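Here the sequence shown stands for residues -17 to -1, 1 to 138, where the numbers follow mature numbering (1 follows the signal peptide of the UniProt record, and there is no 0). Using N, Cα and C, we set each Cβ at its ideal position, and we do this for glycine too. All figures in this text were calculated on a predicted structure; none of them were measured in a lab.
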Amino acid sequence: MVSTTGLVALATALALAAPPPPPSDPEALGGYHAFGENREREPVDGHEKIVTGSIILPLGLLRTGFGAAMYVMAMPQYCNRVYGPNASDQTCRGLQVYGLVGVGMGGLMAVTGAVFLAWGLTQRSRHHRWMREHGMAIAPMMSREVRGLSFGFRF
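Quick look at the structure:
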């Protein structure tokens, strides 16, 4: 028990005796930040949302077009020509409903794809703006041994 207490006392004394690390350049890797300084995080680049929107939007537009074509083909004046003389009025009305459902579903898909695409493009522009401001740093480097420029960049 005595050795454990002595070990704890020695570790505490050594920790309190060590001077705090000197402040360094905030742009340097592993540097310390000033009190209260928060570095903003890199925003999302929006790639996933752009891909999702660019897939769903054209599929929704296609489904809307095919639904509209189905509705027009199922109208009474075209129904018997397209589906044959044996097609009943009930069948034509059912196909019209199917066409309207296709228009509604395709329109919903197109709107969802447009929202995802706009959301992703907004995130991409925010990310590009952030990269312009934080992506590359040029700073003078002057000491007794070295004079020049220091380049830092993120990719």
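Excluding five sequence positions before and after Arg109, the CB atoms of its chain that fall closer than 6 Å to its own CB belong to Pro26, given in chain order. Residue pairing of Pro123 in beta bridges, as defined by DSSP: Leu132. Under the DSSP assignment, Gly36 falls in the alpha helix (DSSP H) whose first and last residues are His30 to Met56. For Pro59, the enclosing alpha helix (DSSP H) starts and ends at Pro59 to Tyr66. Residue burial is scored here from C-beta neighbours: Arg46 has at least 16 other C-beta atoms within 10 angstroms and is therefore classed as buried. With fewer than 16 other CB atoms across the displayed protein chains lying within 10 angstroms of its CB, Val34 is exposed. Within its own chain, the residues whose Cβ lies closer than 7 Å to the Cβ of Tyr81, once the five positions on either side in sequence are excluded, are Met53, listed in chain order.
A distance below 8 Å separates the beta carbons of Thr95 and Ile39.
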